[in-house]
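For reference, the structure discussed in these notes is given below.
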Amino acid sequence: GAVVSQHPSRVICKSGTSVKIECRSLDFQATTMFWYRQFPKKSLMLMATSNEGSKATYEQGVEKDKFLINHASLTLSTLTVTSAHPEDSSFYICSAREPTSGSYNEQFFGPGTRLTVL
Amino acid sequence: AQKITQTQPGMFVQEKEAVTLDCTYDTSDQSYGLFWYKQPSSGEMIFLIYQGSYDEQNATEGRYSLNFQKARKSANLVISASQLGDSAMYFCAMREGRSNFNKFYFGSGTKLNVKP
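Line by line, the protein sequences give chains A and B. Under this note's numbering, residues 1 to 118 are what the first sequence spells out, in order. Under this note's numbering, residues 1 to 116 are what the second sequence spells out, in order.
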């Protein structure tokens with residue numbers, strides 16, 4: 001299947017700093033990527049849908065100014081957690097649709113980024 | 001209302017036995033897709049199986065099969081001949097509609113423990 005990478009896999013930062021997480025589709029072009037957040041032992045919560053060349057669509061309750069999403073190319077979307085605080089500590093997962101993957105449009109997930117804010 | 005409901009927070013199964021993980025869904029769309037993903041402790045999401053709303057036969061992928069009961073809106077995952085490596089979180093998900101841009105809804109997950 002198609003491969004999606006995330007970088008970094010783990011990040012620890014001080015409160016108040018900004019952290020950028022990259023999501024790349026390695027062997028296909030993804031016009032749409034999704035960003036999820038997952039708390040320990042909980043389900044994936046969709047944060048936003050990232051569309052190449054346009055503004056991201058955020059889910060209700062997700063702060064746009066807090067979680068900046070940029071989808072500048074067909075293979076790269078970035079999530080920046082601005083002025084991170086301990087409550088932003090979580091597991092962040094991106095996914096991408098591979099348009100030619102078949103009739104059911106499976107999502108391919110990145111390996112996730114574990115963010116810890118001290 | 002919850003789009004996807006998984007009522008089993010945790011399940012135990014003996015190695016080599018079969019286990020069923022429950023999933024019910026709620027949608028008014030005629031066209032939708034149902035997915036199961038496995039998430040081991042490493043965190044990656046591994047696609048297991050897919051069932052389309054118009055598929056008449058239950059999907060199967062190796063040891064995984066999906067018991068699709070459309071009238072009951074259920075899409076239970078059956079794992080046959082459980083292995084120790086099957087111990088993980090399992091998530092049921094649904095995509096409404098056919099568009100490539102439609103978002104997925106995930107259930108709360110079931111943690112499966114396979115006992116030797």
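Glycine included, each C-beta is placed from N, C-alpha and C at the ideal position. Quick caveat: nothing in here was measured; it's all calculated off a predicted structure.
For Val4(A), the enclosing beta strand (DSSP E) begins and ends at Val4 to His7. Note on geometry: alpha-carbon atoms of Phe28(A) and Thr75(A) lie some 7 Å from one another.
Here the region 66 to 76 of chain B lies against the region 21 to 33 of chain B, with 3 or more beta-carbon pairs under 8 Å apart. Between Leu79(A) and Val11(A), the C-beta spacing is not below 7 Å.
The beta carbon of Pro8(A) does not come within 7 Å of any beta carbon belonging to chain B, so the residue lies off that interface.
Between Ala48(A) and Ile21(A), the gap from beta carbon to beta carbon reaches 7 Å or more. Cβ proximity to chain A below 9 Å picks out Gly33, Phe35, Tyr37, Gln39, Ser42, Gly43, Glu44, Met45, Ile46 and Phe47 from the region 28 to 49 of chain B. Scanning its chain for C-beta atoms nearer than 8 Å, with the 5 sequence neighbours on each side dropped, one finds around Asn58(B) the residues Gln51, Ser65, Leu66, Asn67 and Phe68, in chain order.
Check the Cα spacing between Leu48(B) and each of Asp55(B), Phe35(B), Asp26(B) and Val114(B): the tightest is with Phe35(B). A Cβ of chain B is located within less than 7 Å of the beta carbon of Pro111(A). In the structure shown, Leu84(B) adopts helical secondary structure according to DSSP, grouped into three states. At a cut-off of 7 Å between beta carbons, Lys3(B) makes no contact with chain A.
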